[in-house]
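*Asks:* Its first residue numbered 692, the sequence shown is counted upward by one per residue in the numbering used here. Where is the CB? At the ideal position from N, CA and C, for every residue including glycine. Pasting in a structure now, in structure tokens, and then I'll have a few things to ask.
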Amino acid sequence: MSAVEGGLVHRAMAGVGRLCVRRPWWVIAGWVTLTALVVTLVAVFGAPTEDDVSLPGSDAQAGRDLLSTHFSSATNASGQLILTVHDGRIDAAAYQAAIAETIARIGNLPHVTAVLPPSAQARSLSEDGTIGYLTITFDLHSRKVTPAMSEAVVSAAEPVRAASMRTVPAGVLAQAGFSTGASELVGVGVAVLVLLVAFGGLVAAGLPLVTALVTVACGLGLVGLAGHAVSMPGVAATLGTMIGLGVGIDYALFLVTRYRTLLAGGQEPSSAVVATVASSGSAVVFAGGTVMVALAGLAISGIPIITTLGWTAGLVVVIAVLVANTVLPAVLALLGHRVNALPIRRRARRAGTRQSGWARLADRVTARPVRSALVAGGLLVLLTVPVVSLGIGQTDAGDRAVGAPGREGYDLLSAGFGPGVNGPVTVAAELVPPASGPQDPRLAELTARLAEVPGVARVAPPRMADGGEVASIRVEPTTGPSDPATVDTVDRLRSVRVSGVDARVTGQTAVRAALADRMADRMPYVIAVVVILAALLIMFAFRSPVLAIKAAVMNLLSVGVAYGVLAAVFTWGWGVTLIGLDGPVPVESYVPMLLFALLFGLSMDYEVFLLTGVQESWRATGDNRAAVRTGLASTARVITSAALIMMCVFASFMLHDNPIIKMFGLGMTVAVAVDATIIRGILVPALMALLGRANWWTPRWLGGRKTSPSRPTDEPTPDPAEPMVHAPR
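What follows is the structure in structure tokens.
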């Protein structure tokens, strides 16, 4: 017997179901209290984020650490407030009074330590004088600079606006974050329509939304609070929202479907709740477990941003599993038969499984499994082909849609000072022995040689730390941060050597370039660990090594298709304007690795639910092909409904102006669509029909004794009139 159908997990989940039936109000009150507490703490203390990437063990990180040790302000945040004029020059006498008053006002704001005016000498004033910027330095780390602080700086610049100058925030002042309010509303709105059609009633359709909202509120709140203790990327909240809404709705959908099926079969509400949690709840535990295991595999990457995004997404999945198996059963226990209340349409007479479209597809697939497998597999391989052209790199504000926060400032700085001003690199020079002063000939030689490197636009004079041991030199490339040529420039800068100077190239541009290399090195190990761990979990759940290996291969195909579509859209530019971008952009270096873990885990969700239905029929009939047909027919519709909801949620995030969010949204939408249709609807049933009794072989070390239930596998068995797992009606 599988761990999903019976065993320790099944018994434990039955106990959870009985607790929810006996104490529904206690369960609900506990979650309401926890949710209110988390939301209140976030409202009071905030949810800081930081998109500053660190990479322990890299030369770029060593340079950053060196500067942090010797320059007390090295980690302080700074941003720019860009000033533009149509006529005249910013440094004209007519504007000086307004600029001076603005500097005084900004300087009086909390946490502002310095405000530098536009200056040709400091290269903060363009040659024609129409574009300049104020440099505002804070006594805080960048993740502590809140939107309210940025708004205060912009508001304090009213004197220059009154003098007919435009102001545009840039740098840390223009951090748009990853707010996805509009995307969430669109995704949830479409999900509501799908749920209403699937369930045909307001009450049943509303339950998955309740669990999803509780999941998102608690999960994102905890992630936000964690930002006070660790460096939290802004994208973590967006991924948490995507995952929380998707799995929160899907897990509840499966449980509500099973509960309504049991009620329709004549069970009492209390026993139906216990049976629902014991059966579908166990499947949800294993489904969520596969996602968490896949995300846990990211820890071996040794890359902080990947590890953080992995455990934050996993935390949201944990909350989703807990909410689905506690809050939902408690509410169902209180509702009883009223779960079918407030119908929006007359419930149609139940049709037999044989007459459904999925049943007919199951018949065709299992009748011609070789042809079905070849056609489906060939299509998947074709969709995967573009992956060989996938362009990995780093994005910047210039890759955002026109009009997006940060894009205007990026364009103005590029126009006034060249694209390299948006992605300068810093050379941390350690001098042995220490320099006697800023005129040390070694620094002069290093500065001159850096300026001669192809791809360098300008080199600022060195800044010397106290003691003369370390100097900091700012270098501006001729190309922008996301341009591959900038990476080549960074590599050439690293090759510059001066006797008595240990120079390290650092800064965000250099760190992200090193990050791409680290990702490429670690990707094979992450893939291997995630595949093995997820396959072991499936093998434990269904006691079948064959099913585990097949599931792993199917999920790899799903991920491959997602990568192929990302390459076609973001590298080749096919349809990229349709999702709001100007043209092709590089795929952020950490997206493929994180996307792999997410998609591999989510794909296993549908595998678990499909195999649960097939295994139930197998144990009831002993006929493999009949079990595959019945399992597909009984689960395909509910899986497709769940996948459609998840696709709507993920696709809505492509409305975000940040290219990284669009990448996750598109990749996950395509993967779920392909996984729930071509893979689970055609390829998996075809392969299971071909494998026959091998599907259910259980080795002795897994507790196996025989390959089939008591009924012989060659005994002809008609398809049951009703599916084992009813689709929502």
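1) What's the call for residue 1091, buried or exposed, on a 16-neighbour Cβ count within 10 Å?
2) Taking DSSP as the reference, what is the three-state secondary structure of residue 771?
3) What's the gap between the Cα of residue 1061 and the Cα of residue 1333?
4) Following the continuous alpha helix (DSSP H) through residue 675, name the residue where it begins and the one where it ends.
5) For residue 888 and residue 759, I'd like the C-alpha separation in whole angstroms.
6) Would you kindly work out how many angstroms separate the C-alpha atoms of residue 1291 and residue 842, rounded to a whole number?
7) Specify the secondary structure class of residue 1044 as computed by DSSP and reduced to three states.
8) Just mark residue 799 as buried or exposed, buried being the case when its beta carbon has 16 or more other beta carbons within 10 Å.
9) In terms of residues, what are the limits of the beta strand (DSSP E) holding residue 824?
10) My understanding is that residue 1095 touches residue 1003, with C-beta atoms under 8 angstroms, so please give their C-beta distance in whole angstroms.
11) Looking only at its own chain, which residues have a Cβ that is under 6 angstroms from the Cβ of residue 1405, when we skip the five neighbours before and after it?
12) Please identify the residue among 729, 1182, 1159 and 819 whose C-alpha is closest to the C-alpha of residue 1191.
13) Please confirm if the region 810 to 830 is in contact with the region 774 to 790, defined as three or more CB-CB distances below 8 angstroms between the two stretches.
14) Let's test the definition: count the other Cβ atoms within 10 Å of the Cβ of residue 701 and tell me whether it reaches 16, buried, or not, exposed.
15) Going by the CB atoms, is the gap between residue 878 and residue 1340 shorter than 8 angstroms?
16) Which one of 1270, 1033, 980 and 959 has the shortest CA to CA distance from residue 1005?
17) Please determine, among 1388, 1119 and 1273, the residue with the shortest C-alpha to C-alpha distance to residue 761.
18) DSSP has residue 790 in a bridge; who is on the other side?
19) How close, in whole Å, do the beta carbons of residue 1386 and residue 1238 come, if the pair is a contact with beta carbons under 8 angstroms?
20) Mind checking who residue 1279 pairs with in its DSSP beta bridge?
21) In its own chain, which residues sit with a C-beta less than 7 angstroms from the C-beta of residue 808, not counting the 5 before and 5 after it?
22) What number of angstroms, rounded off, separates the C-alpha of residue 773 from the C-alpha of residue 1181?
23) Would you check if the distance between the CB atom of residue 708 and the CB atom of residue 964 is smaller than 8 angstroms?
24) Just curious, the alpha helix (DSSP H) that residue 850 is in, first and last residue?
25) Suppose you measure from the CA of residue 937 to the CA of residue 1301; what does that come to, to the nearest Å?
26) Answer with buried or exposed for residue 1087, where buried requires no fewer than 16 other C-beta atoms within 10 angstroms of its C-beta.
27) If I'm right that residue 1016 touches residue 968 with Cβ under 8 angstroms, what's the distance once you round it to whole angstroms?
28) Using 8 angstroms as the threshold, is the region 1192 to 1205 in touch with the region 735 to 751, meaning 3 or more CB pairs across them?
29) Does the beta-carbon distance from residue 1342 to residue 1253 come in below 8 angstroms?
30) Alpha carbon to alpha carbon, how far is residue 867 from residue 1193?
31) May I ask you to report which of helix, strand or coil DSSP gives residue 1121?
32) Secondary structure at residue 842, three-state DSSP: helix, strand or coil?
33) May I have the straight-line CA-CA distance separating residue 812 from residue 1152, to the nearest angstrom?
34) Less than 7 angstroms separating the Cβ of residue 1215 from some heavy atom of the ligand ADP?
35) Tell me which residue opens and which closes the alpha helix (DSSP H) that residue 961 is part of.
36) Below 8 angstroms on the Cβ atoms is my guess for residue 1178 versus residue 1142; work out the distance and round it to an integer in Å.
*Replies:* So, to answer that:
1) buried
2) strand
3) 28 angstroms
4) In this structure the chain extends from 692 to 1420, so residue 675 is not present and cannot be described.
5) 58 angstroms
6) 41 angstroms
7) With a pLDDT of only 41 at residue 1044, under 50, the local geometry of the prediction cannot be trusted, and the value read off the model is given with reservation. In the structure shown, residue 1044 sits in a helix (DSSP, three-state: H, G or I).
8) exposed
9) 822 to 829
10) Not a contact, Cβ separation roughly 24 angstroms.
11) Because the pLDDT at residue 1405 is just 38, under 50, the model does not fix this residue reliably, and the point stays unresolved.
12) 1159
13) yes
14) buried
15) yes
16) 980
17) 1119
18) Answer is none; residue 790 lacks a bridge partner.
19) 6 angstroms
20) 1084
21) 790, 794 and 825
22) 27 angstroms
23) yes
24) 849 to 853
25) 18 angstroms
26) buried
27) 6 angstroms
28) yes
29) no
30) Below a pLDDT of 50, predicted positions are generally treated as unreliable, and residue 867, at 48, falls in that range; the measurement from the model is reported next regardless. About 37 angstroms.
31) strand
32) helix
33) 11 angstroms
34) The ligand ADP is not part of this structure, which contains no ligands at all.
35) 960 to 967
36) Not confirmed; about 19 angstroms, so no contact.
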